[in-house]
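Counted the way my numbering counts, the sequence shown spans residues 196 to 860. Here a beta-carbon is modelled for each residue, glycine too, at the ideal position from N, C-alpha and C. Heads up: the structure comes next, in structure tokens.
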Amino acid sequence: MQYIQPPWENHFFSKVQSAEKSLYLSSPYIKNTVATLLYEVLQSKQKLSLSIRILTRIRIQDLIEGASDLEAFEKLLQLEELEGINAEVRCISNLHAKVYIFDKNSAIVTSSNLTPSGLKSNIEYGIEVTDPTAVQQMLVDMENYWDAAETLTTEMFEQVTKRLETTESVVKVDQAAQQTENHSLTPNPSTSINSIGKRLAPLGQDVENPELDGLRDTISTAKPKYSNLPVQKKKRRTIEIETSVEQLINDLKGDNKQKRKEASLRLEALFGLDDSCIVPHITELANANLDLCCTFLTKLQDSNLASLQLLQILNTSKDEKRSLPKPALEALNDITPERLFSFLCQVDWESLGTRAKFNALEELKNTIEKLNLQDHDSAIGALISLTEDTTPTVRNAAYTALGEVSGGNLRNVFNHAQRHKKPLTTQTSILKSIIAAGITPTDELMFDQLTHDPLTEFRAISIRALRQNGEKYWHRLSTMAESDPSVDVRTQAVHALVNIDVAAAHKILLKLRESESEENLRNTIFSLIQIYEESMRNLSADEKQLLQSLTSDLQSTDYKIRRKAVKGLRKLKHASAVQPLCNALKDDHKFVRGEAAESLGTIGNNSSVSPLIEVLENDSDPYTRAAAAKALGIIGNKRALEAIVKGQQDKNRDVQNLCRKVLQN
196 MQYIQPPWEN HFFSKVQSAE KSLYLSSPYI KNTVATLLYE VLQSKQKLSL
246 SIRILTRIRI QDLIEGASDL EAFEKLLQLE ELEGINAEVR CISNLHAKVY
296 IFDKNSAIVT SSNLTPSGLK SNIEYGIEVT DPTAVQQMLV DMENYWDAAE
346 TLTTEMFEQV TKRLETTESV VKVDQAAQQT ENHSLTPNPS TSINSIGKRL
396 APLGQDVENP ELDGLRDTIS TAKPKYSNLP VQKKKRRTIE IETSVEQLIN
446 DLKGDNKQKR KEASLRLEAL FGLDDSCIVP HITELANANL DLCCTFLTKL
496 QDSNLASLQL LQILNTSKDE KRSLPKPALE ALNDITPERL FSFLCQVDWE
546 SLGTRAKFNA LEELKNTIEK LNLQDHDSAI GALISLTEDT TPTVRNAAYT
596 ALGEVSGGNL RNVFNHAQRH KKPLTTQTSI LKSIIAAGIT PTDELMFDQL
646 THDPLTEFRA ISIRALRQNG EKYWHRLSTM AESDPSVDVR TQAVHALVNI
696 DVAAAHKILL KLRESESEEN LRNTIFSLIQ IYEESMRNLS ADEKQLLQSL
746 TSDLQSTDYK IRRKAVKGLR KLKHASAVQP LCNALKDDHK FVRGEAAESL
796 GTIGNNSSVS PLIEVLENDS DPYTRAAAAK ALGIIGNKRA LEAIVKGQQD
846 KNRDVQNLCR KVLQN
């Protein structure tokens, strides 16, 4: 064990330079000069294969007071662009730990942040530990913090930038009370300590590092992007609101677009500093700008108060305007879905306008799924009542929602709709909902009967249903592909046969290529034949070499190289690329996994169904799960479609919607 005292800047960067496999850096505050030097040191290293995890925190107050620099986080995000670097930055709001671990065999626990003063001039203290057991325990402990943190993305950085600029437009800082503090790093490792307390502050001996001194001299001294922000240390700071909340709300109601924009920004910043000053004015704010009001309420610390305010907004809108504004419904669903469910089950639907019914339907469906109330009598009763609505679009939407949350009722609903000669759009909507809900053996029999129906719409929908268990209906589907009078039905049947068994479908496609008279469908058949034959052809010597090279690139430590390899395998369009792409579905980087899923959908091989289902059900990234759902929809066999039906219950709304869209197409 070694004691660490200031100045230890060179010692820290010497450890960074010597790291070969991994760095773990935990620091609440990070300044741009240190982040830039870290970037330069890593950029100077050769033949890297380094994993870097940086844990920090981002608070608007810290940025305003200069404890951290916004430019520092931007520079840290750029680390991932360096060749051989796999870097990730995560944030946790109450971080206070300063821990730096190098190659899992050396750890420094200290009071120093990654700031010039922390590395050089503050009175800091720490220890360096090299005992393997102790270092391993630190790694385990820090992993818990890491798992609880949120990944810093470019989008998040842009939001913080906007929030910081917004806050600065509201806050006045007493310029006369500021004291300038020089934070620049210098090549001289000596430490300057104020005379007060000097005798009690032991000076450490920093290591000599001429190479680091040379690198430091190369760092740009250009003016920072946010040089207008107050990054100086302040003796005291005063906050003054330039205008009252009432005046800002009045500006929101006015005709002046610029004033409305400025008022919105000022209120947003004010709410971030002190939400209690806006709460008394929620009703007025809702009348002036409902979206802004709902945004505030979702962020309010008192969730019970926020829920009551939203319920008041909904009841007022329902009684006065026959409307249920979507922002208020979504906000209440985010805060307390139980209250929204109770409200929607008790609402008088007939008293609402068409748009209000649509909004309420969508959020009722989302609430049922969120609370797992698919078999709840009140939920089903509310949806069934809307299937009798006088507006056709509302009825169809109600049938779709009913199918998504409770498919078991729909077969009887469809039979009822047929007997009472409901509009064709209503009946087809019910059939699509049955497919979305996951068809049962009884439903299969109904769809088999519908393949003989004189209505083209029914025959086309029945094909989409039967392909989920198409082996049973192969003969019927092949007959429809050859002889159905509707070109749309024949097209659906051709695709269904390919989804069920591409090798068996190839024989039928060859026959249809000669007999099909409709030009567009004939072109589709030619394309499907070509895709299959390309995937089964013998690879040339050059293609075999390319396959080997791309497969090797999938082992690279640089995710960009791995992602490029995945794209190359997609362009190869060959069955031999399927297994390497399936392996890439387990890659550490979400972009590689997402590209691999899309590539497998392009190739369309049934052997990739199981790995894609695993991704759809278990991957942590919604973009990757959505890519897997899309690929499974393209492959379209029974197991793939069953997985997409389950995917409608995904925790991410975008994934849910994509699964529904795939099933209905």
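Sub-8 Å separation of residue i and residue j beta-carbons
i, j, result
"residue 668", "residue 648", "no"
"residue 628", "residue 597", "yes"
"residue 299", "residue 243", "no"
"residue 271", "residue 287", "no"
"residue 695", "residue 662", "yes"
"residue 519", "residue 509", "yes"
"residue 209", "residue 293", "no"
"residue 758", "residue 786", "yes"
"residue 810", "residue 790", "no"
"residue 490", "residue 532", "no"
"residue 688", "residue 658", "yes"
"residue 492", "residue 464", "no"
"residue 691", "residue 672", "yes"
"residue 608", "residue 553", "no"
"residue 593", "residue 578", "yes"
"residue 654", "residue 679", "yes"
"residue 460", "residue 359", "no"
"residue 282", "residue 247", "yes"
"residue 304", "residue 633", "no"
"residue 201", "residue 319", "yes"
"residue 848", "residue 814", "no"
"residue 290", "residue 237", "no"
"residue 229", "residue 311", "yes"
"residue 682", "residue 716", "yes"
"residue 745", "residue 763", "yes"
Residue i, enclosing alpha helix (DSSP H) - first and last residue
i, result
"residue 238", "227-239"
"residue 697", "697-710"
"residue 294", "Where residue 294 is concerned, there is no enclosing alpha helix (DSSP H), although the beta strand (DSSP E) it sits in stretches over 294-297."
"residue 717", "714-731"
"residue 651", "651-661"
"residue 275", "First-last for residue 275: undefined, no H or E at that position."
"residue 670", "669-678"
Boundaries (first-last residue) of the beta strand (DSSP E) holding residue i
i, result
"residue 285", "280-286"
"residue 548", "Element bounds for residue 548: n/a, residue is neither H nor E."
"residue 320", "From DSSP, residue 320 is part of no beta strand (DSSP E); its letter is neither H nor E."
"residue 302", "301-305"
"residue 198", "197-199"
"residue 249", "245-251"
"residue 218", "217-221"
Beta-carbon contacts of residue i that lie in its chain and below 8 Å, excluding the five residues immediately before and after
i, result
"residue 768", "726, 729, 730, 797, 798"
"residue 530", "492, 493, 498, 501, 502, 505"
"residue 565", "528, 532"
"residue 582", "590, 593, 594, 597, 608"
Residue of the options minimising C-alpha distance to residue i
i, options, result
"residue 605", "618, 631, 615", "631"
"residue 351", "226, 738, 268, 694", "268"
"residue 348", "274, 309, 338, 549", "274"
"residue 345", "313, 326, 824, 284", "284"
"residue 610", "211, 645, 536", "645"
"residue 258", "355, 515, 723", "355"
"residue 543", "666, 674, 513", "513"
"residue 574", "583, 541, 660, 586", "541"
"residue 198", "684, 322, 524", "322"
"residue 858", "845, 846, 824", "824"
"residue 782", "805, 812, 795, 749", "749"
"residue 239", "217, 213, 218, 255", "213"
"residue 546", "833, 585, 522, 466", "585"
"residue 337", "219, 478, 855", "219"
Contacting residues, own chain, Cβ-Cβ under 6 Å from residue i (five flanking each side not counted)
i, result
"residue 302", "296, 324, 330, 333"
"residue 559", "539"
"residue 441", "none"
"residue 448", "483"
Own chain residues within Cβ distance below 7 Å of residue i, not counting five before or after
i, result
"residue 734", "742, 769, 771"
"residue 420", "For residue 420, the predicted model reports a pLDDT of 44, less than 50, meaning its position is unreliable and no value from the coordinates is stated."
"residue 481", "488, 508"
Legend entry - alpha helix (DSSP H) segments (min. 4 residues) lying fully within the region 785-826: If we require 4 residues or more, the alpha helix (DSSP H) runs fully inside the region 785-826 come out as 785-798, 804-813.
Inset, instruction - Taking only runs that begin and end inside the region 759-788, name each unbroken alpha helix (DSSP H) of 4 or more residues, in chain order. - result: Listed in chain order, the alpha helix (DSSP H) elements of length 4 or more contained wholly in the region 759-788 are 773-779.
Inset, instruction - With a floor of 4 residues, list each alpha helix (DSSP H) that falls wholly inside the region 466-540, ordered by position along the chain. - result: 477-483, 485-494, 498-516, 521-530, all fully within the region 466-540.
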